[in-house]
Amino acid sequence: MYEPAFPDFPIPERQTKPRTLGLTMMIDWGMGLARQNDTVESAGEFIDFAKIAAGIARFMPQDLLQAKLASYKAAGISTSPGGLFAELALKMGRYDHFVDEVVQTGFTGIEVSDNLLKPEARDKAAAIALAKSKGLTVFGEVGRKEGSMDDASLVQDVANCLDAGADWVFLEASELFAGTEVRLALIAELARRFPPNKLIYELPVVIIPGVSRDYKHKICSLLVKELGTEVNLAKVEWDELYITELVRRGFAGDTSHPQGAYRLAGFEPA
């Protein structure tokens with residue numbers, strides 16, 4: 550059972566695992582099993598999903614990949630391969646086979662994205678439905694890496710994913726955050742239109758040109774300020790799990806979180 554240190558210092562409460570809100574997806578770029586096990590041991594309470602990013606699962610030795618997936622599963626962490634792998638399978642006409650291999654390999658979930666493809670809504674819905682029929686948790690993803698969707702199209706895509714049976718929808722960071730521009734009106738519209746337990750906001754990652762670690766931290770703080778401690782977040786790195794938790798609780802050196810620990814203690818907002 551999770552028992553934190555220093556329990557006498559009040560901070561904003563969070564659901565414990567298994568959670569329905571305040572979910573965190575950790576992105577796994579192929580970390581070794583020893584580091585993974587260390588990470589899960591030290592911060593597993595804050596990891597709900599682990600994604601083996603992009604097409605990395607294709608390059609990893611099968612026995613290592615299966616050991617990693619089994620380790621995550623034992624810790625109550627759902628796993629999925631990257632959406633770009635599913636897009637490749639769709640383009641090749643081998644998506645059905647890919648879904649079967651995802652199940653056989655030991656993944657518990659799958660991501661259906663269209664970062665590169667431009668499928669019809671019905672085709673994306675069919676891909677989601679097929680994965681659901683195989684017993685997988687399904688993450689729809691909405692948005693393109695270059696951030697080119699208008700508000701109405703993005704909102705409609707989210708609705709299509711959920712109507713098709715997706716358990717959650719990842720919101721592509723490049724659509725919401727581009728340089729100094731943050732699409733706050735779109736974020737507010739998404740929060741108004743859809744249940745908060747169905748949306749997972751992706752944080753920008755540093756492999757994207759122009760994205761720095763401090764910018765990612767700034768965006769994380771903004772999302773918590775706007776949507777609260779229990780906002781669902783994705784693409785957290787293994788060494789960002791604790792700082793992300795500090796941001797969620799308003800305990801990361803600033804007072805921007807209205808219900809955060811510093812504000813609860815009487816600090817005035819910066």
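For what it's worth, the numbering used here labels the leading residue of the sequence shown as 550, then goes sequentially. Beta carbons: idealized from backbone N, C-alpha and C, even for Gly. Treat the numbers as computed from the prediction; the structure is a model and nothing was measured.
Rounding to the nearest angstrom, what Cα-Cα distance links Val661 and Ala675 in this structure? Distance between the alpha carbons of Val661 and Ala675 is about 10 angstroms.
Which term fits Pro753, buried or exposed, when burial requires 16 or more other beta carbons within 10 angstroms of its beta carbon? Result: buried.
For Tyr750, which beta-bridge partners are listed by DSSP? Answer by DSSP bridge pairing, in chain order: Leu720, Leu782.
Buried or exposed: where does His646 fall if 16 or more other Cβ atoms within 10 Å of its Cβ makes it buried? Its Cβ having fewer than 16 others within 10 Å, His646 is exposed.
Local conformation of Thr729 per DSSP, three classes: If DSSP states are grouped into helix, strand and coil, Thr729 belongs with coil.
Would you list the one or two residues that DSSP bridges to Val661? Beta-bridge partners assigned by DSSP to Val661: Gly689.
How far does the alpha helix (DSSP H) with Phe635 in it extend, from its first residue to its last? According to the sequence provided, residue 635 is Ala. The question's Phe does not apply to it. Residues 632–641.
Measuring straight from C-alpha to C-alpha, what distance separates Arg824 and Ser682? With the chain covering 550 to 819 only, the question about residue 824 has no answer from this structure.
What is the C-beta distance between Gly631 and Ala602, in whole angstroms, given that I count them as a contact (C-beta under 8 angstroms)? Indeed, because the Cβ distance is near 5 angstroms, the residues count as touching under 8 angstroms.
Could you tell me the alpha carbon to alpha carbon distance between Lys673 and Ala722, rounded to whole angstroms? C-alpha separation (whole angstroms): 20 angstroms.
Pair within 7 angstroms by beta-carbon distance, Ser627 and Thr686: The Cβ-Cβ distance between Ser627 and Thr686 falls below 7 angstroms.
If the criterion is Cβ atoms closer than 7 angstroms, does the pair Glu751 and Lys784 meet it? It is a contact, given that the beta carbons lie within the stated cut-off.
What do you get for Pro567, buried or exposed, if any count of 16 or more other CB atoms within 10 angstroms of its CB means buried? So Pro567 ends up on the exposed side.
Contact check, Pro553 vs Thr778 under 8 angstroms by CB: the rounded distance? Contact between Pro553 and Thr778 does not hold, since the beta-carbon distance rounds to 15 angstroms and is not under 8 angstroms.
Can you tell me which of Asn709, Ala713, Ile736 puts its alpha carbon nearest to the alpha carbon of Asp700? Residue nearest to Asp700 within the set Asn709, Ala713, Ile736 is Ile736 (criterion: CA-CA distance).
If you measure between the beta carbons of Ala810 and Phe800, is that distance less than 7 angstroms? Closer than 7 angstroms, so yes.
Where does Thr573 sit, in a helix, a strand or coil, going by DSSP? Reduced to three states, the DSSP call for Thr573 is strand.
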